[in-house]
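Those sequence lines, one after another, are chains A and E. Counted the way this note's numbering counts, the first sequence spans residues -13 to 236. Counted the way this note's numbering counts, the second sequence spans residues 5 to 537. Even for Gly, the Cβ is constructed at its ideal location relative to N, Cα and C. What you are looking at is a predicted structure, and each value in this text was computed from that prediction instead of being measured. Comments concern the structure below.
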Amino acid sequence: MNVKIRVPRYEANGAITPVFQTYTVAITPTTTVLDALNQIKGHQDGTLAFRRSCRSAMCGSCGVMVNGRNRLACNTRVAELNSSEVSVNPLPGFPVIRDLVVDWDPFFAKDAVMLPYLISDQTRPDDGTERLQSPSDARQIDSPSSCIQCGCCSSACPVQWTNSEYYGPAALTRSYRFVEDSRDTAVKARLDIVGTETGVWRCHTIFNCTSDCPKGILNTENIQALKRKIMLSRLGLGRIEVRARVPESA
Amino acid sequence: MIQHDVVIVGSGIAGMRCALEIKRQAPEADVALVSKLYPVRSPSVIERGGVAAALGNVLQAAQGIIAPSRQHRSTADSVESHMGDTLAYGGGTGDAAAVAALCGEAPQVVYELEHMGAPFSRTVEGRIAQVAGAGHSNPRLAYAADRTGHAILHTLYGELVRYGIKIYPEWFLLSLLVEEGAARGITALDIRSGEVEVFNAKITVFATGSYGRIFGITSDAQSSTGDGLAAASRAGIALKGLDQVGFHPLGLADLGFVISERALLDGGYLLNSAEERFMGGYSALAERAPLADVSRAIASEIAAGRGVGAGKDHVWLDVRHLPAQHVREHFPHLIEFAQDYLGLDPFDALIPVQPTAHATLGGIPTDVNGRVADVRRFYAVGACANNGVHGAAPLPGNELAAALVFGRRAGAAIAKQLGEKSFLSVPAEALATAKTTIKALLNQKGTGRAATVREQLLSSMSASNGVQRHYDALTEQIGRVRVLRNDFAGTALQDKGTLFNTELVEALEVANMLEISEVAASAAVEQLAAVAA
Ligand SMILES: Cc1cc2nc3c(=O)[nH]c(=O)nc-3n(C[C@H](O)[C@H](O)[C@H](O)COP(=O)(O)OP(=O)(O)OC[C@H]3O[C@@H](n4cnc5c(N)ncnc54)[C@H](O)[C@@H]3O)c2cc1C
Ligand code: FES
């Protein structure tokens, strides 16, 4: 079966208006959007630029907008889209470098603001072994720590489109992952970072970030949980467990 | 020219662990990571099964579905047991010193990850959870759900941020600079701008990962193209054991993604075209045999015409009889792969699998501290290095352990000697040579496409250098790779630009894959000849 793939071509750095180009690709029931892009690049037009690495939905390289939804090109089968013409766009709201390639630097800079490492003054066992953590405490960070940093969520957020200062759901879920970690003792500092105008209070609970997450992470719920924690900590209630729903399979 | 005390090429688990150790032991050291990917995109992220370490947190359970232990810390496991299993699995050919270092230090590197905050799964007592793996006499794989590599990679990335280690993301290694027997740094292409730069370093480390992509059917990432190996080889370093490749029996048909062997250990079946279990005919352990034996058995079934699928080159994996809850909990990726990539429901349908190139063992020869013998000031760690620790086959979970242990050991060795080292000058023509390479590739004239050369290389490498190897097919393959190298010289790029030219990057990767495929096929011929003699 043949399918048309429509892609905007951004020629040079900073070009604002793209020229759209349409390619025809032969697909099988298992051809993914990434396979189709690879076919185009290899055999029709070597100038088409996009990123890829793992092919198996783990590295987060290939986030793009497919028929209006943010998804991973590598785990989206073309046939499942049920359309004879598929439009593939760079992640909206991210600066475009070229074609489907966006600039990741601002995204990772926001991630770094979240202090994406454990801060803990819990004492460690004298024998150098692991700290204990209960399975349910571990499960609490299972979903937020499964984020692959593909950007699909932040890019789906209308607030992010209009306010590039907003940390966005990916960074906020990162913060939540540490706030929820029973071993982390920098909860107050973390809540101070996200409890700002560029943090959780920018979120208008539009839920795009939850619905477009390829990993099923409940980003909006995580942000809501952060808001509640901030309110409680302002009341002096310290580490209060206000839990977001954890997906059943986790 | 860019200068750093240490330049590490590659930001997977090995490269990051090395960088971190240098910063911990020599806080004033100026360390930079150069990587063709953003760190969290590195191929380490796909690893699922777990990291091997004799923590002894879980007691051996009866065969069959492994019940989580309710015991307190068991003493059943030990470093000695881990060493014994490692040597046995590697066919008795593993390097004893390297094995002792690996198994002895694996518990420590795993505990350190926990201290850094890695989200390991836990036992009911709150310890790091461990499961059994093929070839392990004790439950020894420490895991984080079914995405251990992801958990470790992201944890180490956080440490890079904590220590403020300089990262050059999306820079492509072009050459290793060696003069008078000492490494002086590298040249690299900034993919984003198209600029070529010289990096001058007191010490240079390669952590560039595996070369699984020279095979058509592989679990490896599209970016595991052996670039570091090719660059080392061009700098005159003799690569070691490139013919050694571990095949995993549970590659998803045509795609090569690996389904965890736990699907077999926990009771899954392999069926041939008659939908009959066949493993019993090959091994008393049936589906629980060592992975290499299972791969060979599948290859034999296929060779005997009992394969399934259009090309009759798959067999079936059957997990329909396992408790659905167990499958959901322990191998969600199996469900995800079947549904997302094949459109199948594994609770209802058989899943087509075939052996897939999974662990490339060959690499830059090093000692147990990552030091490369022939070149001073040069180290290699992780999947691109070969210190003989795995012998003929890696015990599951040992590669991750090796990336961590030897990454750390190299970091410690480097930190110790940095103080006494000064910068050595880089060869005068280094920059010009690198620029000429790029310009020549951009201006190469011809009618062929690099992608076509790549496709022919991959399928022929899988056919000739697979699970079953034959002398004639291998020698023929060496000739074919030479022809393909010639074909590559007749390909032209359509993209002549400098801005994020991914066609150029892919062409550089194809050139590297051609180079190491020839070395790999030649090594395989020598190996067969040695066995025959
Ligand atoms: C599907 C799969 C499953 C696995 N399962 C297991 C398992 O269960 N247990 C186990 O122990 N091991 C397993 N392994 C192996 C293990 O994951 C690897 O051995 C380990 O992660 C290698 O880490 P690394 O840091 O050496 O390399 P990688 O993670 O591959 O990193 C390589 C780095 O080098 C960089 N690089 C490469 N080329 C260039 C260049 N030209 N210029 C600049 N930078 C470059 C890349 O950007 C990347 O950052 C598995 C591997 C795969 C693929
Ligand atoms: S290529 Fe890695 S997530 Fe798609």
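Helix or strand or just coil, what does DSSP make of residue i?
i	result
M87 (chain E)	helix
W147 (chain A)	helix
Y162 (chain A)	helix
I105 (chain A)	coil
T159 (chain E)	helix
H119 (chain E)	helix
P336 (chain E)	helix
F492 (chain E)	helix
I221 (chain E)	coil
D344 (chain E)	helix
P200 (chain A)	coil
H362 (chain E)	strand
E184 (chain E)	coil
E234 (chain A)	In this predicted model, E234 (chain A) has a pLDDT of only 43, less than 50, meaning its place in the structure is not dependable enough to derive any value.
P173 (chain E)	strand
G367 (chain E)	strand
F36 (chain A)	coil
I355 (chain E)	strand
R110 (chain A)	coil
P155 (chain A)	helix
H330 (chain E)	helix
S82 (chain E)	coil
P15 (chain A)	coil
I134 (chain A)	coil
A18 (chain E)	helix
P47 (chain E)	helix
T456 (chain E)	helix
Can you find a CB in chain A that lies within less than 8 Å of the CB of residue i?
i	result
E163 (chain E)	yes
G96 (chain E)	no
H119 (chain E)	yes
H76 (chain E)	For H76 (chain E), the predicted structure reports a pLDDT of 43, less than 50, and the residue's modelled location is therefore unreliable. A value from the coordinates is still provided. Closer than 8 Å: no.
E530 (chain E)	no
R151 (chain E)	yes
H154 (chain E)	yes
A23 (chain E)	no
D499 (chain E)	yes
E507 (chain E)	yes
D344 (chain E)	yes
A455 (chain E)	yes
Going by DSSP, name the residue or residues bridged to residue i.
i	result
D322 (chain E)	E:Y273
V62 (chain E)	V62 (chain E) pairs with nothing; no bridge assigned.
R176 (chain A)	Beta-bridge pairing links R176 (chain A) to no other residue.
I190 (chain E)	E:L180 and E:F203
Would you mind giving the Cβ-Cβ distance between residue i and residue j, rounded to the nearest angstrom? I have them listed as a contact below 8 Å.
i	j	result
P294 (chain E)	Y147 (chain E)	With a Cβ gap of about 20 Å, P294 (chain E) and Y147 (chain E) do not count as contacting.
L404 (chain E)	I17 (chain E)	7 Å
G130 (chain E)	S120 (chain A)	5 Å
V357 (chain E)	L254 (chain E)	5 Å
I169 (chain E)	V35 (chain E)	6 Å
R209 (chain A)	L158 (chain A)	According to the sequence as given, residue 209 (chain A) is Ile; it is not Arg. Correct: roughly 5 Å between the Cβ atoms.
W320 (chain E)	E265 (chain E)	Actually they do not touch by this definition, with Cβ atoms about 16 Å apart.
Would you say residue i lies against chain E (beta-carbon separation less than 8 Å)?
i	result
R229 (chain A)	For R229 (chain A), the predicted structure reports a pLDDT of 46, less than 50, and the residue's modelled location is therefore unreliable. A value from the coordinates is still provided. Taking Cβ atoms only, chain E never reaches closer than 8 Å to R229 (chain A), which makes this a no.
L118 (chain A)	yes
V87 (chain A)	yes
G28 (chain A)	yes
M44 (chain A)	yes
C199 (chain A)	no
E80 (chain A)	Reading off the sequence shown, one finds Phe at residue 80 (chain A), where the question assumed Glu. Cβ-Cβ to chain E under 8 Å: no for F80 (chain A).
T191 (chain A)	no
I203 (chain A)	no
Y9 (chain A)	no
Is residue i near ligand 4, with its Cβ less than 7 Å from a heavy atom?
i	result
W175 (chain E)	With respect to ligand 4, the structure offers nothing, as its ligand set consists of ligand 1 and ligand 2.
Exercise. Looking at C-beta atoms only, is the number of pairs between the stretch 425 to 438 of chain E and the stretch 34 to 52 of chain E that lie closer than 8 Å three or more?
Worked result: No contact exists between the stretch 425 to 438 of chain E and the stretch 34 to 52 of chain E.
For this session: Decide if the stretch 502 to 516 of chain E is in contact with the stretch 27 to 36 of chain A; the criterion is three or more beta carbon pairs, one per stretch, under 8 Å apart.
Result: Cβ pair count under 8 Å is three or more, so yes.
Exercise. Can at least three beta-carbon pairs, one atom from the stretch 89 to 108 of chain E and one from the stretch 435 to 450 of chain E, be found at a separation below 8 Å?
Worked result: No, because fewer than three Cβ pairs between the stretch 89 to 108 of chain E and the stretch 435 to 450 of chain E fall closer than 8 Å, the two stretches do not touch.
For this session: Would you check if the stretch 378 to 393 of chain E and the stretch 210 to 217 of chain E touch, i.e. whether three or more CB-CB distances between them fall below 8 Å?
Result: The answer is yes - the stretch 378 to 393 of chain E touches the stretch 210 to 217 of chain E, with three or more Cβ pairs under 8 Å.
For this session: Report yes or no: do three or more beta-carbon pairs, one from the stretch 58 to 69 of chain A and one from the stretch 16 to 25 of chain A, lie closer than 8 Å?
Result: The answer is yes - the stretch 16 to 25 of chain A touches the stretch 58 to 69 of chain A, with three or more Cβ pairs under 8 Å.
For this session: Take every Cβ of the stretch 43 to 58 of chain A, pair it with every Cβ of the stretch 195 to 204 of chain A, and state whether three or more of those distances are shorter than 8 Å.
Result: Three or more beta-carbon pairs separated by less than 8 Å link the stretch 43 to 58 of chain A to the stretch 195 to 204 of chain A, which places the two stretches in contact.
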